[in-house]
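In this note's numbering, the protein residues as written are 10 to 431.
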């Protein structure tokens, strides 16, 4: 049987199903991170009225509301808290499979592109975290597949729900909507494409975002170069990351020239929108997760270039393999210090501290998820009966006169007590 006669989409579907099973396991077994815990402590656990009338960059409103509903029905726990994000991941993986098949056919390149978009190092950690990123990504890619079969109301609704899941998706949502209007010449149906999504986003976001101030949009960087580098970073592969920073834009330019359609317009408008938000509204440049919607756009266009090459699927397949090799299953790359939060909280309970525990910022959020107790932020001059110390590159100087009573290998976190105590 010749290679082009193989049912590549079935193989890709099987691999994507395996990826989803990995995320289920990871969500059930990995400690809650600082950002997830902050979401829970500030936007899930409080009363509904407070959730609906406050805003912060960490508050992905639709996701927070879904988490609140799940916790109310099923109770607190890692997997239960992460269920809305996992539903977003399921929608994303299914939509990626559909979209790559629509654009690339039943080919090796389709399989390579689908798998890469499922396991890319810049994406994979956010598919099992209790944050709004996977939910928003799922809705955006689903909208792209629905416009491919001319279901415009569904696509519009999905784009609105993406923005409601996380407002960073307003950039690709608006860009994709405009690209569809232009490429399909649907100006007379603009209400059909815009109204459902606009209503969905406003229903969820109108009140919380009306309370927002510019200081609440704080996550990002000052340099577009650092921003782009963060999207191409493969943990543990610094030289490859440097190559990707240069090679991927070249492939994208070639692919954009070959495609000259909705993807090209969407990526161009997204980049322009990011630049305008930075220049006129003083928003920071996206960093990592706040710009992850660019990754599918970039590699779908790179695939357009690769389809002109006989072995075009090979570099995408190799990048997928390297991305998989960079994953630490029970450590989220940006939150390595949180990898043992559950065990640290259990160890603190065993010590029975009578007063607040001194913890290096921002670990108190994750510990509070497991152990609702009093914590003080560790800083020079703070004394306590028990200390939770980081040992990574962000570690503060160890308080004088303390001795370590427990070390956790995955995170490097240490529990210490004053040397005078036994």
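Think of the CB as a built atom: it goes at the ideal place given N, C-alpha and C, for glycine as much as any other residue.
The Cβ neighbour count for residue 29, taken over all protein chains shown within 10 Å, is at least 16; the residue is labelled buried. For residue 208 and residue 152, the gap between their C-alpha atoms comes out near 16 Å. When only Cα atoms are considered, residue 265 and residue 277 end up about 10 Å apart.
Looking only at 425, 378, 391, 130, the smallest Cα-Cα distance to residue 85 is reached by 378.
In this structure, the straight-line span from the alpha carbon of residue 245 to that of residue 399 is close to 21 Å.
For residue 387, same chain residues with a beta-carbon under 7 Å away, outside a window of 5 residues either side, are 367, 368, 369, 396, 405 in chain order. When DSSP states are grouped into helix, strand and coil, residue 195 belongs to the coil group. Going by beta carbons, residue 229 and residue 305 fall outside the 8 Å limit. For the pair residue 318 and residue 133, the Cα-to-Cα distance works out to about 27 Å. Sorting 20, 271, 159, 334 by C-alpha distance to the C-alpha of residue 243 places 334 at the top. Distance from the CA of residue 233 to the CA of residue 255, rounded to the nearest whole angstrom, comes to 14 Å.
Distances from the alpha-carbon of residue 420 to those of 340, 362, 54 put 340 closest. In this structure, residue 414 lies near residue 425, with their beta-carbon atoms less than 8 Å apart. Taking a cut-off of 8 Å for Cβ pairs, the region 46–55 and the region 143–157 do not touch, as fewer than three such pairs fall below it. Restricted to the region 102–142, the alpha helix (DSSP H) segments that are unbroken, complete and at least 4 residues in length are 117–128, listed in chain order. In this structure, DSSP gives residue 414 an extended state, which the three-state scheme calls strand. When secondary structure is reduced to three states using DSSP, residue 337 falls in the strand class. Comparing alpha carbon positions, the residue from 16, 127, 69 closest to residue 179 is 69. A buried status is given to residue 167, since no fewer than 16 other beta-carbon atoms sit within 10 Å of its beta-carbon. Between residue 35 and residue 137, the CB-CB gap stays under 8 Å.
By the CB criterion at 8 Å, residue 109 and residue 98 fall outside the cutoff.
Your pair residue 241 and residue 314 does not check out as a contact, with CB atoms roughly 16 Å apart and the cut at 8 Å.
Around the beta carbon of residue 373, 16 or more other beta carbons lie within 10 angstroms, which makes this residue buried.
Collapsing the DSSP output to three states places residue 99 in a helix.
Residue 343 and residue 231 have their C-alpha atoms some 19 Å from each other.
Residue 144 is a Cβ neighbour of residue 94, given a cutoff of 8 Å. Between residue 175 and residue 135, the beta carbon gap of about 10 Å keeps them out of contact (Cβ cut-off 8 Å). With 16 or more other CB atoms across the displayed protein chains lying within 10 angstroms of its CB, residue 189 is buried. If you ignore the 5 residues before and after residue 380, its C-beta comes within less than 7 Å of the C-beta of 354, 357, 358, all in its own chain and listed in chain order. Non-local C-beta neighbours of residue 302 in its own chain, meaning closer than 8 Å and more than five positions away in sequence, comprise 145, 146, 149, 177, 178, 180, 181, 279, ordered along the chain. Between the alpha carbons of residue 259 and residue 310 lies a distance of about 11 Å.
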